[in-house]
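Written below as structure tokens is the structure these notes are about.
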Amino acid sequence: MNSPEQVSAQEITILLVEDDPPTLWRLQDALVKAGFDVAAAATLGEARASLAARIPRVLLTDLQLPDGHGLELIRETRARHPNTEIMVISSLGDEETVVSAITVGATGYILKDAFPSDLAATVRDLVAGHSPISASIARFIVRRTQAQAVPPPGPELNTAKLTPREIDILWGIAKGFSYAEIATHLGMSNQTVPGHIKSIYRKLEVHTRGEAVFEAVQQGLIKL
Amino acid sequence: MTDGTAKPVASPAPAQRGRNVAVFLIQYVPLQIVIAALCIFVVSRPLPSPPDRYGVPSFSLSDDGATRTVTLPEFVSSQPSMNEPAVFTGTFTWSAREAAQTWSVYLPRFTNGVVVSINGIEIIDSRRDPSANRSDRATPEIAAIPTSLLRDGNNELVIRLFHWSPISGFLDRVFVGPDAELRPYFEKRTFVFITLPLVFSAWQGILAVILTVMWAMRRGDDAAYGALAAAMALGAIQAVLMTAIDPPAQPGLNAMLIASTPLESGFVVAFGILFFIRKWPRRLGPLIFLPGLIMLAIGLLGDPFLVRRAFLVLAIPTLIIHLLLLAGIVAWSEMRRRDVPSLLLGCGVTIVLTALLHDVIEVAGFIPDDRIFFTRLSYSAMLVAIGAGLTWRFAQALNRVDGFAAHLAIQLREAEAKLKASFAREQERERAAALARERTRLMRDLHDGLGGQLVSIVALSERNTAGRGNGEASKGIGEAARAALKDLRLVIDSMDDIGGDLMLALGSWRDRAAAQLRAHEIALDWRAAPPGLPVYPELRPSHVIQIVRILDEAVTNAVKHAGARHIGVTIETIKSGGSEHGCISVTDDGKGFAIDGERRAASRGLANMKNRAARCGAELELSSGEGGTTVRLQLPLRFPEGDAAAV
Numbered sequence: 001m002n003s004p005e006q007v008s009a010q011e012i013t014i015l016l017v018e019d020d021p022p023t024l025w026r027l028q029d030a031l032v033k034a035g036f037d038v039a040a041a042a043t044l045g046e047a048r049a050s051l052a053a054r055i056p057r058v059l060l061t062d063l064q065l066p067d068g069h070g071l072e073l074i075r076e077t078r079a080r081h082p083n084t085e086i087m088v089i090s091s092l093g094d095e096e097t098v099v100s101a102i103t104v105g106a107t108g109y110i111l112k113d114a115f116p117s118d119l120a121a122t123v124r125d126l127v128a129g130h131s132p133i134s135a136s137i138a139r140f141i142v143r144r145t146q147a148q149a150v151p152p153p154g155p156e157l158n159t160a161k162l163t164p165r166e167i168d169i170l171w172g173i174a175k176g177f178s179y180a181e182i183a184t185h186l187g188m189s190n191q192t193v194p195g196h197i198k199s200i201y202r203k204l205e206v207h208t209r210g211e212a213v214f215e216a217v218q219q220g221l222i223k224l
Numbered sequence: 225m226t227d228g229t230a231k232p233v234a235s236p237a238p239a240q241r242g243r244n245v246a247v248f249l250i251q252y253v254p255l256q257i258v259i260a261a262l263c264i265f266v267v268s269r270p271l272p273s274p275p276d277r278y279g280v281p282s283f284s285l286s287d288d289g290a291t292r293t294v295t296l297p298e299f300v301s302s303q304p305s306m307n308e309p310a311v312f313t314g315t316f317t318w319s320a321r322e323a324a325q326t327w328s329v330y331l332p333r334f335t336n337g338v339v340v341s342i343n344g345i346e347i348i349d350s351r352r353d354p355s356a357n358r359s360d361r362a363t364p365e366i367a368a369i370p371t372s373l374l375r376d377g378n379n380e381l382v383i384r385l386f387h388w389s390p391i392s393g394f395l396d397r398v399f400v401g402p403d404a405e406l407r408p409y410f411e412k413r414t415f416v417f418i419t420l421p422l423v424f425s426a427w428q429g430i431l432a433v434i435l436t437v438m439w440a441m442r443r444g445d446d447a448a449y450g451a452l453a454a455a456m457a458l459g460a461i462q463a464v465l466m467t468a469i470d471p472p473a474q475p476g477l478n479a480m481l482i483a484s485t486p487l488e489s490g491f492v493v494a495f496g497i498l499f500f501i502r503k504w505p506r507r508l509g510p511l512i513f514l515p516g517l518i519m520l521a522i523g524l525l526g527d528p529f530l531v532r533r534a535f536l537v538l539a540i541p542t543l544i545i546h547l548l549l550l551a552g553i554v555a556w557s558e559m560r561r562r563d564v565p566s567l568l569l570g571c572g573v574t575i576v577l578t579a580l581l582h583d584v585i586e587v588a589g590f591i592p593d594d595r596i597f598f599t600r601l602s603y604s605a606m607l608v609a610i611g612a613g614l615t616w617r618f619a620q621a622l623n624r625v626d627g628f629a630a631h632l633a634i635q636l637r638e639a640e641a642k643l644k645a646s647f648a649r650e651q652e653r654e655r656a657a658a659l660a661r662e663r664t665r666l667m668r669d670l671h672d673g674l675g676g677q678l679v680s681i682v683a684l685s686e687r688n689t690a691g692r693g694n695g696e697a698s699k700g701i702g703e704a705a706r707a708a709l710k711d712l713r714l715v716i717d718s719m720d721d722i723g724g725d726l727m728l729a730l731g732s733w734r735d736r737a738a739a740q741l742r743a744h745e746i747a748l749d750w751r752a753a754p755p756g757l758p759v760y761p762e763l764r765p766s767h768v769i770q771i772v773r774i775l776d777e778a779v780t781n782a783v784k785h786a787g788a789r790h791i792g793v794t795i796e797t798i799k800s801g802g803s804e805h806g807c808i809s810v811t812d813d814g815k816g817f818a819i820d821g822e823r824r825a826a827s828r829g830l831a832n833m834k835n836r837a838a839r840c841g842a843e844l845e846l847s848s849g850e851g852g853t854t855v856r857l858q859l860p861l862r863f864p865e866g867d868a869a870a871v
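Residue numbers (the working numbering), protein chains in the order written: chain V, 1 to 224; chain H, 225 to 871.
In structure tokens form, the structure reads like this:
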């Protein structure tokens, strides 16, 4: 990918949170070999400690952690460090885990068995501002935009903020069309599709009032 | 009176009105003229009469103190008193040889009362027959002459004719002869002039009851029925309640009954206004009943002679005016609406009017006077018309009710069908929801258990490969675990409800296939332009799994056996005739293989692919050569239900 703000791998700091040692080793190995500056954590506590010590550019976290849930980590990080890109590490890339992570602020996912080259490319693209979205996640989101009598199972997802154009883009991705094909079909510039995807991720984030209060307290705007 | 105050309920468009007027002029008016001509033809036909040989040729008439010889029929001038009859004296011959059969004296027509004596013995006194007293009914009289009265040779026949003003007395020809010969003529006349009017009176009574019930049940809605019921009741009562005139038992009642005619016709006109114009003229309307009320007052206060005079000068003209009014109303209605009741009543009114004019002209002496009046008889024609018109209305209302019921039934069926459809949809939704729930549960299980373990295996095998020796074995384990993960993802993915849009399944497959091929540094050339494939509503997860596995197999073959560098996937919709079906092609630039199976693994894979294609009703085409291999999967027009094709 050719991005104007191409950053060298060494400048990209990553916090990798994964409790399964072989998987942690595998991912860390792949990322280190690609030249990234990787910090690793196996528990939620370690991850918080690491975050306190250094704010990473990218947070990659598993959801099932021995001492807590990765969603908490994502939510906290998203609130305190808005510049940190977050991705969830998923073994199956299923919507259940990925979409719940997206709603708290993650931008896409990486598969635990992804090939090393793909892992590195995904992180680089993410830093360059290209939020990846898989066809199955796009499909899950667009299916949720369709009116359904019975609320479908799985994570809650509010798609009300998505514009018709964004939904069209998601349809295109879900059907396996390339960005170029989608852009041509929708009569827009090829370059604007990734921007739309980023915007989609932000719109799917849940901003409840409770969260707003939580954030305000955290940022010292409100004194209890 | 009809046009000034009454506003039509619904005004038809001017073009429609013009057409109605034209139809009225070329259909209705000529029809009424034909009916009038037919009436004139019928009433002018002579009534059957017994052979002349039984007629009594001449009488000596003593009237007003003078005596003269007359030939019947004969008129005698009106008398102020009923006690001074005109006396007709004649003779007829009877032979004792005829004693075997009864002889009768037959008087076809007379006004107003007769007393017949044979050889000085009275055998008929018509004055006690109430119906014979009515000059509007041509009541005949017949009486058998007791043989003991008759003398061989000449016999004396004396007829005393009672008549009262203002109508002059009339005696038609008198017949004396064998009863067997005369009676059929009497019966015929009785049938026409007595029985028929009685039948119609009974009918009038029935109509009165029916209309009263209708009016009572729909009070306020149908004043027309009330008016008609009143007219019918008056007519029926007048026909049934008749008293002898001499001596009048209840002179007041009698007079009132005579006065009822203009009242009755007034009610009929009121009915016409209410029924056809549908609006009652408040100021002019009551005028209809004025002549009838005057007649009633005269009947109550005046003597019988005054009543009769008033009848001639007031009731008859009123009757004519009422009939003309009714004819106008009905014609107006026919012109505007062209419905059956207007037409029927129009014809009825024409018949009555013609008969009445005939009777008036006859009494006035403009045409030969045989004292046969048809007004009363023709009135029954109008009754028939009214009855038929009302029945038509009633049937029409029933039809409307039926139509409404049928309409309701149709609506009910539609609603039922909708309900069924929505029930089916609901079931389908529930099925889909159950599948989605199951899939979510399975996914959670797999994610937490099998998925993580497989990932661990992949990681461990890679670590092994990177670290110590026996790398090949570890690599094999890793690849197997990776394939298991891929299959797991495929199964989970296929269970998702994609609403029949295969493109959604292929989109996910593209992601997986691209990742797989990147590891082998093979480019995936994906050629699919929106909108891609047609939507298959009947598409089931089992079909999706088969199709995706076929594609996986094709890609795997290209990677493992053909050594391809580029793999192209083309998705297109092929239109043939009116139908369209999807087609997915996988092309590689590998070295190809001979289809007759030099490689057993490949050929087993191919058989497997064909089998899978058959299960979804799809067709698999293979072509392989030096330049590469192409697998074409022709999707069906409709996917088969369940796994029917898997035999």
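Here a beta-carbon is modelled for each residue, glycine too, at the ideal position from N, C-alpha and C.
Residue i at chain V interface by Cβ criterion, 9 angstroms
i	result
His-671 (chain H)	yes
Met-667 (chain H)	yes
Ser-732 (chain H)	yes
Ala-704 (chain H)	no
Val-855 (chain H)	no
Val-682 (chain H)	yes
Val-679 (chain H)	yes
Buried or exposed (CB count within 10 angstroms, at least 16 for buried), residue i
i	result
Met-667 (chain H)	buried
Val-245 (chain H)	exposed
Gly-195 (chain V)	exposed
Thr-419 (chain H)	exposed
Arg-828 (chain H)	exposed
Ile-469 (chain H)	For Ile-469 (chain H), the predicted model reports a pLDDT of 49, less than 50, meaning its position is unreliable and no value from the coordinates is stated.
Ser-484 (chain H)	buried
Beta-carbon proximity of residue i to residue j, cut-off 9 angstroms
i	j	result
Glu-380 (chain H)	Asn-343 (chain H)	yes
Phe-177 (chain V)	Ala-752 (chain H)	yes
Phe-316 (chain H)	Tyr-603 (chain H)	no
Val-300 (chain H)	Val-400 (chain H)	no
Trp-504 (chain H)	Ala-454 (chain H)	no
N-terminal and C-terminal residue of the beta strand (DSSP E) that residue i is part of
i	result
Ile-55 (chain V)	Element bounds for Ile-55 (chain V): n/a, residue is neither H nor E.
His-81 (chain V)	Element bounds for His-81 (chain V): n/a, residue is neither H nor E.
Tyr-109 (chain V)	109–111
Leu-568 (chain H)	Element bounds for Leu-568 (chain H): not the beta strand (DSSP E) but the alpha helix (DSSP H), 564–588.
Ser-117 (chain V)	Element bounds for Ser-117 (chain V): not the beta strand (DSSP E) but the alpha helix (DSSP H), 116–127.
Asp-168 (chain V)	Taken as a continuous stretch (DSSP letters only), Asp-168 (chain V) belongs to no beta strand (DSSP E), being part of the alpha helix (DSSP H) at 164–174.
Trp-750 (chain H)	747–752
C-beta neighbour in chain H for residue i, strict 9 angstroms
i	result
Asp-94 (chain V)	yes
Thr-23 (chain V)	yes
Gln-64 (chain V)	yes
Glu-156 (chain V)	no
Arg-143 (chain V)	yes
Arg-78 (chain V)	no
Asp-125 (chain V)	no
Asp-118 (chain V)	yes
Range covered by the alpha helix (DSSP H) that runs through residue i
i	result
Glu-411 (chain H)	403–414
Gln-858 (chain H)	Where Gln-858 (chain H) is concerned, there is no enclosing alpha helix (DSSP H), although the beta strand (DSSP E) it sits in stretches over 852–858.
Ala-455 (chain H)	447–464
Arg-638 (chain H)	The sequence shown places Glu at residue 638 (chain H), rather than the Arg named in the question. Residues 599–670.
Inter-stretch contact at 8 angstroms, needing at least 3 Cβ pairs: the region 241–252 of chain H / the region 559–577 of chain H: Cβ pair count under 8 angstroms is three or more, so yes.
Would the region 10–26 of chain V and the region 50–70 of chain V be scored as touching if the rule is three or more Cβ pairs under 8 angstroms? Output reads yes: the region 50–70 of chain V touches the region 10–26 of chain V.
On the three-pair Cβ rule with 8 angstroms, is the region 710–729 of chain H touching the region 757–768 of chain H? Judged by Cβ distances under 8 angstroms, the region 710–729 of chain H makes contact with the region 757–768 of chain H, as three or more pairs qualify.
With 7 angstroms as the limit, tell me which residues of the region 20–50 of chain V have their beta carbon closer than that to any beta carbon of chain C; keep them in chain order. This model lacks chain C altogether; the protein chains it does include are V and H.
Touching or not, the region 32–43 of chain V and the region 119–128 of chain V, by the rule of three or more beta carbon pairs under 8 angstroms? In short, these stretches touch, since the Cβ pair count reaches three.
Mind the definition here: the region 726–744 of chain H touches the region 794–808 of chain H only if three or more C-beta pairs lie below 8 angstroms; say whether that holds. The region 726–744 of chain H is in contact with the region 794–808 of chain H.
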